[in-house]
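Residue numbers (full-length UniProt numbering), protein chains in the order written: chain A, 1 to 582; chain B, 1 to 582.
Note that beta-carbon positions come from the ideal geometry of N, C-alpha and C, so glycine has one too.
Each remark here refers to the structure printed beneath this line.
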């Protein structure tokens, strides 16, 4: 190796040793005949010192010619520092340099390689290899590696076997849009990149692999948002001979293991909430349960008092923002503006303050007596100092809007601490969801999800009410994983496809291989997949998955560093039997 | 879980226990009022027993209705077997079944689910999910998983960090043909799937990641052979601040770790052989060193004795097939036919037998005296019973042909035992290789490979003689891995592209991002990549990588199970801004 130690390694006990280090120039200080350089590598920083009259003259001259980010190899003696720096693990020592070799000079970087950089997003994406030098970004990828390792440790220990499934597969119309790959050897035909290894992992269960996992790249050609990437990583898992209960227990153990090993955080048993309750009490299938502030429905209390907004509403529902009674007019106006934003879409906000003396003052005092308001207060378990915030309208829309308001209030009241983790299971998802536009049902999870046997009788009468053996793991309002018990019976799978509007031929064409497999002895099975990028960002305390991906793409799906995608040669198009449209 | 134990778990100490098992019917025997079923899962086989008059009548009726591969759940008591089967770990016990549930019936499989199956290749590919049920195939994937785990253990222990690099990258003309992916959001542009993460891992070194690895899918759109797949898996590694020596030591340690942990085989230090010696003594850059039989060059001994074939030849070279002097005329004719095959291309084979009395009898006695032949014998260290096999012709072609003959003789003499492992490093590869057809140099490894500094003076005079800091790991005649120290200097990298016939603009267009990165402080670095599929097949004792891939493609790049690639809808083509060439 070009070094004897790393830049994070030397301590007081190494004093007196001759060492060789290699790394990057982080910082230079030249003062009163002394020159100090902080040398950086992945493992830390070590201070180098040069002194006029002591350091060999040529070494000193060379040292004074250095710039930030030069790559050096230095040899010298470890000495105890005069002024120690207790913020650096190596802060008690420095290297008195006797020899210096410039391994590579560096141009001035386009932004500062510091924890807080002056580089904008675009610049940092273009020079991602420099951004990756910054300690916070490097630590994100180290966290990701640790999470990957602990994931494998947990699953390997339980006899899960990691099996690689193919990347070049078959395009199917169900779900999101596929990326496709023209085949040179099969003119006019295309592979697709997998949106998930769903059918393959089910086939592995049919094959008897019993417990499968894979940390695997998946692909979706969707319009991008900040937290979406065209390629993303899943922890993909499947088990045979299990019930939903077994999967929940196994992967509850998984997330507790991860928190314990990676964050040193002990997590209690995961609560379970039905989809119906999540909608009713949080207005969301991924409730942030770091704070309570559950929805309180007021229909029974507020109707027929002459307030038309409430009288006409399908649902009147509110939250108790504890301790926010002191909110000013301006703050309340802000909240009203917030719920009126087009993407939230409420028409207005009713509020009621609980005063110190227990009296309640609302924005609709015109319609409700103080006795009425006391009844409201009881419904909310309100105490002096509380602020009740109430919305009204159609059930689904109002719940969604109140969910947004609840999260906003949680934020404002400091209830959404990034270092608090509140995981739970949301269970009993509906099997189907109605698509107004297409006038047909979609699979809420995917077409392989098993309905609850006791709900099967609803197939003809109320298919929308059939519940599935499907479950999501939610942490702090983020869906980190989801899965289901699968169908393992050909007839039921055919029924499912029919329900989803597939013709017999389409179903056979796309998924015949799976339905055939079910006829050769398919065991009951189910599984789950975790969004690994999102799980990493959650563990790291960030909202953006990009910070946890080494080389992410921008919102147009471009890698601006390597400049991809790009045009290709006509000869290449010819070989692939395609032309550009145009 | 639907079971209390697996089918591989029960032993004598479990006798008396009530257990529930789940699995597949492997075998049924119905005889004299008794019925036995072997129930199979991933973990093993357990014998179930049913007895007329004792087993509940309905259970017995149901049991008699079962067929092979039905999926069952049974409950019963563990009893000691009367006739024990010491070939099965569970062979001392059986389950006296009291309850039976058919979880799924099964159609008769198209081939036998046994260690030796009657299914042909095509049928087994189509029903891969059934082929994967067979124990030898399952064990292959279990081996793969173990190798993956031990790879990670070794590298994690040395502070390597696994970083995922992108799958949607940029197409480059160098190397093999790319698979490409049309971009919907960037009309007329394409991503490419990576042939390796080469440039990304180098950028990670520029970023200071120091030690990187990834077990990663790579893609090449090449015509396929038995041991090639369009998608394959690499163990991809890179280190900064290292010399070639450091890489060789690190990955020599890796392969020894793998052999030790996975095969229980201790491997000595790896010998190193120069590319030149490998050519001279084995006629191959991937010599099978499980056996000696090194080439002996005879030019000095055989010329000017009137034998025109030898006189005209650039090279006369042979091997000593020890103990094969008893080969019959017929066997020798076979060998002659072997070397004359078009793909080998020798014009003939000269042989010489060493008799028991030490005399030597050759096929060219007409031209050489017995004293001449004794000189040959000395050159070969020949002993009574040896057979000398000699080829003559152009140097490269003759070496290649003799390599084939050497391997054939190794095979015939039983010297290529699949359970013997002989790894070595081949080093000092040429930097460039001349392409007759294109009349230009190609990079032998890739354009990022560093020349040996002491050979740089040959750039203008004899570029073909420049040696690279490149190395391959070879085991049993198979190249399992290869790598190099990389260029980390912009000027040298530009020179390299010029040497390879890139215009300045092409180089900038394709690899500008990398050369730019070299200007911001790139450390010396190098790495290696192992072909993981091939490594698995080598460890498993098979010649075919397909046996170690869960869902392989056939020689036309088709997955015949899911029927991919396939045609896609016109709407999809439109969205991607392409048309079929028609």
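query: Where do the N-terminal and C-terminal ends of the alpha helix (DSSP H) with residue 201(B) fall, by residue?
result: Here residue 201(B) is taken as the residue at index 201 of the second chain, counted from 1. Here the alpha helix (DSSP H) through residue 201(B) covers 198–206.
- request: Could you run through the region 190–208 of chain B and flag, in chain order, every residue whose CB is less than 8 Å away from some CB of chain A?
  value: 190, 191, 192, 193, 199, 200, 203, 204, 206, 207, 208
query: Where are the beta strand (DSSP E) runs, 3 residues long or more, that stay fully inside the region 355–384 of chain B, in chain order?
result: 360–362
- prompt: Three-state secondary structure (DSSP) at residue 575(A)?
  reply: As a first step, residue 575(A) must be located in the first chain, where it is residue number 575. Looking at residue 575(A) - three-state DSSP - the assignment turns out to be helix.
message: Just to make sure I have the definition right: I need the residues of chain A whose C-beta is within less than 9 Å of the C-beta of residue 168(B). Which are they?
response: As a first step, residue 168(B) must be located in the second chain, where it is residue number 168. Those are 179, 193, 219, 230, 231, 553, 557, 559, 564, 565, listed as they occur along chain A.
query: CB-CB under 7 Å to residue 448(A), same chain, minus the five flanking residues each way: which ones, in chain order?
result: Mapped onto the first chain, residue 448(A) falls at position 448. Taken in chain order, the residues that qualify are 198, 202, 486, 487.
message: Can you give me the C-alpha to C-alpha distance between residue 597(B) and residue 497(B), rounded to a whole angstrom?
response: Shown here, chain B extends from 1 to 582; a query on residue 597(B) therefore has no answer.
- request: Could you check if residue 533(A) is buried or exposed, using at least 16 other CB atoms within 10 Å of its CB as the buried criterion?
  value: In the first chain, counting from the first residue as 1, residue 533(A) sits at position 533. The residue is buried, with at least 16 neighbouring Cβ atoms inside 10 Å.
- prompt: Going along the chain, which residues of its own chain have a beta-carbon closer than 8 Å to the beta-carbon of residue 529(B), five neighbours each way excluded?
  reply: Locating residue 529(B) in the second chain gives position 529, where the first residue counts as 1. Excluding sequence neighbours, residue 529(B) sits near 196, 234, 235, 236, 237, 481, 482, 483.
task: Let me know if residue 343(A) comes out buried or exposed under the rule of 16 or more other beta-carbons within 10 Å of its beta-carbon.
output: Translated into the one-based positions of the first chain, residue 343(A) becomes position 343. By the 10 Å Cβ count, residue 343(A) comes out exposed.
message: Give me the DSSP bridge partner(s) of residue 442(A).
response: Working through the first chain from its first residue, we reach residue 442(A) at position 442. Partner(s): 433(A).
field: Proximity of residue 421(B) and residue 267(B) at Cβ, strictly below 8 Å
entry: On the second chain, residue 421(B) is found 421 positions in, with the first residue counted as 1. On the second chain, residue 267(B) is found 267 positions in, with the first residue counted as 1. Taking 8 Å as the Cβ cut-off, residue 421(B) and residue 267(B) qualify as a contacting pair.
task: Report yes or no: is there a C-beta of chain B within less than 8 Å of the C-beta of residue 582(A)?
output: Taking the first residue of the first chain as 1, we reach residue 582(A) at position 582. It does; some Cβ of chain B falls within 8 Å.
- prompt: Are three or more beta carbon pairs between the region 165–182 of chain A and the region 555–565 of chain B nearer than 8 Å?
  reply: yes
For residue 221(A), three-class secondary structure by DSSP: As a first step, residue 221(A) must be located in the first chain, where it is residue number 221. Three-state DSSP puts residue 221(A) in coil, outside helix and strand.
- request: Would you tell me roughly how many angstroms separate the C-alpha atoms of residue 25(A) and residue 535(A), rounded to the nearest one?
  value: Looking up residue 25(A) in the first chain gives position 25. Looking up residue 535(A) in the first chain gives position 535. Cα to Cα, the separation comes out at about 34 Å.
Opposing strand residues paired with residue 525(A) [DSSP bridges]: In the first chain, residue 525(A) corresponds to position 525, counting from 1. Answer by DSSP bridge pairing, in chain order: 240(A).
query: Is residue 72(B) helix, strand or coil by DSSP?
result: Looking up residue 72(B) in the second chain gives position 72. Three-state DSSP puts residue 72(B) in a strand.
query: Start and end of the beta strand (DSSP E) containing residue 109(B)?
result: The residue you call residue 109(B) lines up with position 109 of the second chain. Taken as a continuous stretch (DSSP letters only), residue 109(B) belongs to no beta strand (DSSP E), as it is neither H nor E.
- prompt: Quick one, are the C-beta atoms of residue 275(A) and residue 478(A) less than 8 Å apart?
  reply: The residue you call residue 275(A) lines up with position 275 of the first chain. The residue you call residue 478(A) lines up with position 478 of the first chain. The answer is no: Cβ separation not under 8 Å.
field: Short CB-CB distance (under 8 Å) between residue 1(B) and chain A
entry: Along the second chain, read from residue 1 onward, the residue named residue 1(B) stands at position 1. True, the Cβ-Cβ gap to chain A drops below 8 Å.
- prompt: Would DSSP call residue 190(B) helix, strand or coil?
  reply: Counting from 1 along the second chain, the entry for residue 190(B) is found at position 190. Residue 190(B) falls in the strand class under three-state DSSP.
query: How is the alpha helix (DSSP H) around residue 406(A) delimited, first residue to last?
result: Along the first chain, one-based indexing puts residue 406(A) at 406. It spans 395–412 - the alpha helix (DSSP H) in which residue 406(A) sits, taken as one unbroken run.
message: Using 8 Å for Cβ pairs, my map puts residue 581(B) next to residue 578(A). What's the rounded Cβ distance?
response: On the second chain, residue 581(B) is found 581 positions in, with the first residue counted as 1. On the first chain, residue 578(A) is found 578 positions in, with the first residue counted as 1. About 6 Å; that satisfies the 8 Å criterion.
query: When the cut-off is 8 Å and only beta carbons count, does residue 530(B) lie next to chain A?
result: To locate residue 530(B), count along the second chain from 1; it is residue 530. No, residue 530(B) does not count as interfacial toward chain A.
field: CB contact below 8 Å: residue 522(A) versus chain B
entry: If you number the first chain from 1, residue 522(A) lands on position 522. Chain B, which has a Cβ nearer than 8 Å to the Cβ of residue 522(A), makes this yes.
Chain A within 8 Å of residue 246(B), Cβ atoms only: The residue given as residue 246(B) occupies position 246 in the second chain. So yes, residue 246(B) belongs to the interface.
query: What residues from chain B crowd round residue 165(A), counting only those whose CB sits closer than 8 Å?
result: As a working note, residue 165(A) is residue 165 in the first chain. Near residue 165(A) (Cβ distances below 8 Å), the residues of chain B are 550, 551.
query: By Cβ distance, which residues of its chain are closer than 8 Å to residue 584(B), with the 5 residues on each side in sequence left out?
result: Past the edges of chain B, shown from 1 to 582, lies residue 584(B), and the structure says nothing about it.
task: Check whether the Cβ of residue 591(B) lies closer than 8 Å to any Cβ atom in chain A.
output: Chain B is shown from 1 up to 582; residue 591(B) falls before or after that span and cannot be answered.
query: Below 8 Å, can you find three or more Cβ-Cβ pairs linking the region 34–44 of chain B to the region 3–12 of chain B?
result: yes
query: With a CB to CB cut of under 8 Å and the five nearest residues on each side skipped, what residues in its chain are close to residue 444(B)?
result: Translated into positions along the second chain, residue 444(B) becomes position 444. 429, 430, 431, 432, 433, 468, 470.
query: For chain B, is any of its Cβ atoms less than 8 Å away from the one on residue 519(A)?
result: Taking the first chain and counting its residues from 1, the one referred to as residue 519(A) is at position 519. Chain B contact via Cβ: present.
- request: Please state whether DSSP places residue 305(B) in a helix, a strand or coil.
  value: Looking up residue 305(B) in the second chain gives position 305. The answer is coil: DSSP assigns residue 305(B) none of H, G, I, E or B.
message: Please state the DSSP three-state secondary structure of residue 269(A).
response: Reading the first chain from its first residue, position 269 is the one you call residue 269(A). Coil.
Between the CA atoms of residue 320(A) and residue 94(A) - distance to the nearest angstrom: Sequence index remark: in the first chain, residue 94(A) carries index 94 (1-based). Sequence index remark: in the first chain, residue 320(A) carries index 320 (1-based). Each residue's alpha carbon lies about 57 Å from the other.
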